[in-house]
Amino acid sequence: MASLKIKKGDTVKVITGKDKDKEGKVLSVNAKKNTVIVEGVNMITKHQKPSAANQQGGIVNREAPINISNVMLVVNGQATRVGFKIEGDKKVRVAKKTGEVID
């Protein structure tokens with residue numbers, strides 16, 4: 129399976145959809161469905177039954193998954209595409225706009 133260009137903990141910018149131009153931190157990545165959950169983006173209201181964790185139940189706001197193609201990695205305040213480069217024996221992510229190694 130190909131490695132994904134966006135990882136948990138990255139800061140990303142939404143490039144299309146109702147939340148266009150919003151930025152947030154990636155909370156989780158689902159590689160099988162090619163989706164990410166971004167903090168504060170694509171908010172939905174969910175009706176929850178009372179449970180042990182949530183005694184009251186009711187209406188809860190939470191983030192919904194967004195397709196990974198609709199977000200761009202932000203490096204030094206700039207949204208950039210991501211490439212890969214082999215450095216020594218490691219494969220590292222590289223920002224296409226600046227040529228800077230990300231991790």
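The opening position of the sequence shown corresponds to residue 129 in the working numbering, with each subsequent residue numbered one higher.
Here a beta-carbon is modelled for each residue, glycine too, at the ideal position from N, C-alpha and C.
Contact annotation: residue 164 and residue 199 have beta-carbon atoms nearer than 8 Å.
Non-local C-beta neighbours of residue 144 in its own chain, meaning closer than 8 Å and more than five positions away in sequence, comprise 198, ordered along the chain. At least 8 Å separates the beta-carbon of residue 142 from that of residue 135.
For residue 196, the secondary structure class from DSSP, reduced to helix, strand or coil, is helix. The DSSP-derived three-state label of residue 131 is coil. Judged by DSSP secondary structure, residue 174 falls within the beta strand (DSSP E) whose first and last residues are 171-176. Per DSSP, residue 229 is not a residue of any beta strand (DSSP E), being assigned neither H nor E.
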